[in-house]
Each structure stands twice: as structure tokens, then as C-alpha cells.
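Numbering (my numbering), first residue to last: 18 to 875.
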């Protein structure tokens, strides 16, 4: 027996406040009671679990007997709740409302009974009094297998009416566990398919915090936990993705109660043209093929168990954002496109032409591809007339009718995922249609009608299937990915055989890439190592490289020349002492480096990082250095919709290294020091790249003078002092971390010239001139931004020596034709080809740029 305190939050009907109470309760128990909370949702809904994940800091999980089978509900609950102190399950619709025609199958009551969980009933009493007790009492006795442990009154203020309701409920034996007053600030916006996903709401974190505060203030958390602890022990083991795959591979699918076993359990990739695929002389077997999973604001719907099954099947699951990424992850061997709202972002998806082309190329090359609902629309020829990937021969459009059903689907034929005649249960939830509705080889037959598109390598349909209920689908997809030739979008111009066998094929494999030289007009060979120097030329006005355009001070030139006079090996100690004094630090808290680049490399090599996180978009060298050191990087991408502002809660709690820029290259956003310090955790190192902080007058948000354990700041002299040929930088911060960096550093890595630059720039005279340069940059930047505003060109307000602008796809190329070079921004993770970074220049040069932009818009 497994002891798991738990409760189900239910209501008589939709709109009663289940999501408000359930999500607020999760946040309150975590924040105010200090508990580890596991969040779950009855039914197929993807959106509520996103809010649950924010509230709990853990993945939101679904419990749906229709999708996974009754016998798998408890194991999935236990799997999701591993390590949790309490599980909170949010119901769906009314307590007893389930799949039509099934007497409540897959209802909240059904799940409560399967999991032996007490129910907390949420009642909206804004327009009721004693009738509240009648409704609650009726629901309490309707099904003896359901136990209601108490009631929460929603939209209820203390007073005579509340006393009347409470007395009536106590009379029928139902305790009131709290009263949540009306609060319009807790409203959740909706769209044509329900609530707006958490990834699309800039205020989601604040909303969750507010919900938690309200629940903690107005509900009895102790009494609610008593209800949760009254739940009996559960029999059985937690669901295990590896075991599920092993059973599937053995020819049995527990969700089908033996039915599928008689149909055959072959999980080897299938080819109509040559039987089972066992690879070929040209294919490359990899231990962990990369599965590219669509994410971001347009693709928010997928079950976490899907990724867990693929990982258990030996795959490396990596997320990409179709709105911003210029290409699929390098080395992609499988593509999973889940659900979401591509119809809301059709124009932005279409604007990312490089990714659409890369996706189409990968699909046409035979990369195994699974697309559900939104993924189908993304692969179509067009969506409401807007061009999409064109990998599926269909056009999609919005319709007046909402399709919402819980069908049993039959595989129409043998395909990437299915064998003809197999049955699955799933759900559909969409307000679009495709023309035609099915290809020559349909994916499924539902209610006698073919739907979707399938082949040996593609399976695309509206139907959502929970793979925990059908692990053989995950096994087949993973097997196909293991057999597929990996897709390398950055290796343009090389033949497939060269791509497959090249020793420099991928930085993700731990090998160092040696790509062919890039050109401004070709896709970057290695986006993370693309440099602005590539954009410039002898005949181009340079707005691409962020080096201060003025002359170096005479005192700096003199120091650089004098450094070359000695024949001795470099001695960095005078520079180290000067830098320490300059920042009010001890010697052990400062480390000179051969530019910021060496500092990033030292950080990557200093410790065996388990979960390094890079906050994007930002300078790409930290990410590249981590990958070159053999680490798998987790990306946290800031949103243009939020002005690329930092949300510390977006960084995973288990990250042991976090790297962020401030002010950030290429956005120019200056994050508050207080926000960055919120990232600090025990056993975590936070590294802040302040390479452009000296361009901010007064450096108000610098962390160089802050003594915090686990904090390092990296500074560079390259840009501000116009010395790009002198690799001069340094690290300031936690002496223990500095010691770890020094331990892996090459002796005498800092040249005499770099040390001389550091010594010269760490003086009062240098500080005064640095401020003058910063003021001058600010005036030039104001002129640039005013010109962009006058032309209504979207841009990010900057504090640095550059401005991130969004003039549109193709403008960078048009500017080159006008004799002006700007920095392409699609090599920064999180940005697309419609963005460019513009270096700040004197007014006369800026006016030439603005005139060219005006001509490009005509």
C-alpha cells in the first residue's frame, strides 16, 4: 500500500471556480505550507495542467480513464506524485459528467472512485442561499463510491447569507472548508478553445501568486490537508515508462486488455515498399537520436508522459520554437508536433520561412514525423490562406463548428505509428477543418470516416492520443528515429553521406564542429558561433559589430604599446589587484581572463553540471561553450511579448548553473539586479554576463559589488574601449567559484597586452572617460530609437550600445543592397529572421541607416 494524501476538487458544473480553487490550493500549499505538491487534471485538457505546473513547480499531469484505461489511472497518479507530500486533482465539467452515453465514464466522480480520493466540492453561491446545501447533499448521496469531504464556497463574503449557507451545509453533514470572495483580478481570459495557455499569458506567474495568497487567506489549509490525509492507501506501483515500453515490445498492451496482442505487436519501423526497416548501409545508428518537439506559445499542448516514454526509449528529446527558431535542432532524427493554437500565430509562423523550409526538407527526406491537431495544421499547405510548411497535401481553415469528441479510432492502414485495424481511444478539440479531410492513406477511421494523413514516415491527424495508454506508438516512433538518418540543417551544401559520417557533424555529440565559412547570404553553419564580423565588408557601413566607433584614448594606446616592450612571460597580478580595488573586492574574488570567451569556457569546464540553463535570447558563446564541454543545455526563452523581461520563476528549480546577460545581447534589456538575485539557490551558480554594462551610465544594476554565494559576474573591455583584437576580460564574484575556474585555466592565458589594458582601465581616469562614452552612446541610441519609432518599426527599448529591431523578414538583405550591414538576429535562440540587431552609431551614420530603412519599406 502506498500512502499518498490527496483530494479531488470538483463542482456541480463548469464555471463554478474549480480551476481557481484547485490552482490556488496548489500554490498555497506549496508557498505557505512548505509542501511539495503534485498537480493533476481529470480529462484530456492541456491548459489547466500548465497552470498547475506553475503553481507546483512540477509537471501537470492528466488522469483520464478513456485515454489510458481504468487500470492505469492509479499508476499514473502515483508516477506524477513521486516525492510529493500531497496530490491535488482538479476535476472536469460537473462532478458526475463523463463521456456521453457511458453513465459517467471518465467523469471526475469516476476518477475519484478509481483513486479512492475524497472530494472537495466547489460551489458558486453568488446567487444562492440554502439551496446550496440541497445541491451539495444531492451530490454527496448520488454515488456511494464518491465521498465528499467538505465544501468550498466560491464568490461568497462573510455575512448573514454566508451564515445561512454554512448552517444548512453543517445540517447535512458537510463542513465548509473556506469561503473565497469575489475577485475580478483572478479572472482567466479565454478564447475559442477555452482558457488561454499559461505560456501565452505574461501575467501568469503573478496570477498564480495571487491565487495562492487568496486561497491561503480564505480557505482552511489545515482542514483541507486533513481531508487529503483521510484518503486510504493505494495498491499498486507507480507507472514506469521503461516498463511500459518493455510490455509493449513484448506484444501486450494492457490498455487494450489483450485485444491488441492478437493484432500483432511489431514495433519495428515499417515500410510498405520493403517490409520492416532494419537500417541500410547509409543509415547511422546513434545511442540517443534527437527528437525535435515543437514548443513555445503556438505549441503548448502535449502530455509529459510522451516525452518520458521517448526518453525511456533512448531518445534525446529537445524542444524548439516554431515562432523563433531558424531551423530544427541539429541532428534531428524525429519530429513531434503536438497541439496548440497555430491559427492565432499563423502570420508569425509563416514569417519564419527558414524553419518552414527546413521542416519541409526534413519531412520530405523521411525524418519520422508525428503531428497531432496543431501539428497537422503546421504541416499543411496553408492555414486560412497563410502559407505553412507544405509537407501535407491539405489546406486548413477556421470553421464555425467546434469539433469536440472522445472517439475510438481505428488505424486505417500500416504506417509509421500504426498497423491496420488497431484501435485507440483519443480526443479531438478543434475549430478548423482540412481539405481534403484525409490523404490517400488516412491516419484513422472515426465513426466510419477516414481522417488524417499517414505514410511510412509521417502520421498527421486531429486526434490526440495519450501514449501512456498506447506505449507501442512511442516504441514504434522511437525505433524509427533510431533507424533514421539524422537531419543537419546547418550543413547546407554537403551531400547526405558526408553529413552522416563527418567527424565534425554535431556539437551535440561532443565533437567540435569545423564548419565551412559562413557568408551573410547563406544560413549560418553553426548559429551559436555566428559572429557579427561576417556581416560586414569593405564597402558596407557597419551597424553589425558592437565595438565603440571612436578612437581609443591615448593613455590606453600607450599602455598597450608599452606592454610589448618586455620579453618576460605575462604577469597578471598587478591587473588582478587593480581590478579587485576597482570593484571593492578581495584578490580571491577576481580572475582576469582572455576575454569573456575564456571565462565562459572556464565556467563550462569548472564543474560536472547536471542541468545547466542558458536564458535566451542572449550572447550565444556561453551556450556553445557548455555544449563543447559535453553538457546538454536547457534553454529558458524570454518572450518579446513581455519585452524580454526576466521571470526568475521560469528557471527550473533543479538548475545547478544559470547563465544570463545583463544588459542582454542582443535585446539591450537591463534586468533589475533584484530579479537576477532571485535566481540564487543553494548549490547553484548564477553567471551574469555584464559585457555591456559599461555602456550604461552609472551601471545601476551591476552585481560586481554584490557579495552573494554562488554569483559570478563576467566583464569585458573589448567593446567599450575599442580593442576587439585584445582579448581582455575578467570574472568577479564568489571566491569558491573563482577558485574552481582558476583550477581549469591554462597557465599564462592572459597576455601582457590584455593585462595592461585591464590595469589601465581600472583607474579613476578610465572610469570618468567610460561614463562619457556611455553618455555619448545613450544620445546616439536615443536618436536611433526615435527614428525607428517615426517609421513605426518595432524595437526593444535598449540600455546598451545596440538596439534589437523587428523590421521584417528580408529587410537585412535589402539593407545590404543599400550598402549597410546590420547583424542578423536569427542565430540567437528565441529570435527569427524578422529581427536584426543594430549597433549604435553617431547621428550622421544613423541617419543614413534610417533613410535606407525608409526606402526598404516602400
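We treat Cβ as the ideally placed atom computed from N, Cα and C, and that holds for glycine.
Bear in mind that the values here come from a model prediction, so they are computed numbers and not experimental data.
Per DSSP, the bridge partner or partners of residue i
i           : result
residue 336 : 310
residue 427 : 440, 462
residue 369 : Paired residues: none, contrary to the question.
residue 399 : 404, 412
residue 706 : 678, 731
residue 55  : 104
residue 352 : 309, 386
residue 819 : 856
residue 236 : 195
residue 167 : 137
residue 747 : 609, 732
residue 652 : 631
residue 469 : 455
residue 811 : 823
residue 839 : 560
Local conformation of residue i per DSSP, three classes
i           : result
residue 488 : helix
residue 12  : In this structure the chain extends from 18 to 875, so residue 12 is not present and cannot be described.
residue 756 : helix
residue 711 : helix
residue 701 : coil
residue 582 : coil
residue 196 : strand
residue 316 : coil
residue 445 : strand
residue 740 : coil
residue 28  : coil
residue 478 : strand
residue 566 : coil
residue 826 : coil
residue 504 : strand
residue 602 : coil
Rounded separation between residue i and residue j - CA only
i           : j           : result
residue 614 : residue 328 : 33 Å
residue 14  : residue 418 : Any question about residue 14 goes unanswered here, given that the chain covers just 18 to 875.
residue 136 : residue 706 : 50 Å
residue 868 : residue 813 : 20 Å
residue 406 : residue 376 : 7 Å
residue 6   : residue 102 : The structure shown has nothing for residue 6, since the chain only spans 18 to 875.
residue 25  : residue 133 : 10 Å
residue 34  : residue 334 : 35 Å
residue 702 : residue 248 : 41 Å
residue 168 : residue 261 : 38 Å
residue 61  : residue 80  : 8 Å
residue 781 : residue 358 : 55 Å
residue 600 : residue 349 : 46 Å
residue 464 : residue 423 : 11 Å
residue 605 : residue 756 : 8 Å
residue 651 : residue 340 : 18 Å
residue 872 : residue 624 : 52 Å
residue 825 : residue 801 : 17 Å
residue 670 : residue 562 : 36 Å
residue 324 : residue 394 : 21 Å
Cβ pair residue i, residue j closer than 8 Å
i           : j           : result
residue 144 : residue 181 : no
residue 172 : residue 192 : no
residue 78  : residue 93  : yes
residue 775 : residue 595 : yes
residue 336 : residue 351 : no
residue 818 : residue 856 : yes
residue 326 : residue 488 : yes
residue 564 : residue 736 : yes
- Segment contact flag, the region 391-405 with the region 431-445, C-beta cutoff 8 Å, min 3 pairs: no
- Task: Pair every Cβ in the region 31-42 with every Cβ in the region 152-168, then say whether three or more of these pairs are closer than 8 Å.
- Result: When C-beta atoms of the region 31-42 are compared with those of the region 152-168, fewer than three pairs fall below 8 Å, so the two segments do not count as touching.
- Pair every Cβ in the region 227-247 with every Cβ in the region 308-315, then say whether three or more of these pairs are closer than 8 Å. no
- Message: Within 8 Å, do at least three Cβ pairs link the region 753-769 to the region 782-794?
- Response: As far as the Cβ criterion goes, the region 782-794 does not touch the region 753-769, which means the pair count is below three.
- Is the region 560-579 close to the region 587-601, with three or more CB pairs under 8 Å? no
- Message: Can you confirm whether the region 607-621 touches the region 746-755 when touching is taken to mean that 3 or more C-beta pairs between the two stretches lie within less than 8 Å?
- Response: yes
- Taking one C-beta from the region 64-72 and one from the region 117-126 each time, how about it: are there three or more such pairs within less than 8 Å? no
- Given 8 Å, three or more beta-carbon pairs between the region 474-491 and the region 377-392: Touching, yes, given that three or more Cβ pairs across the two stretches are closer than 8 Å.
- Query: Would the region 413-429 and the region 449-469 be scored as touching if the rule is three or more Cβ pairs under 8 Å?
  - Reply: Touching, per the Cβ criterion.
- Message: For the region 619-626 against the region 641-650, do three or more pairs of beta-carbon atoms, one drawn from each stretch, fall closer than 8 Å, so that the two count as touching?
- Response: yes
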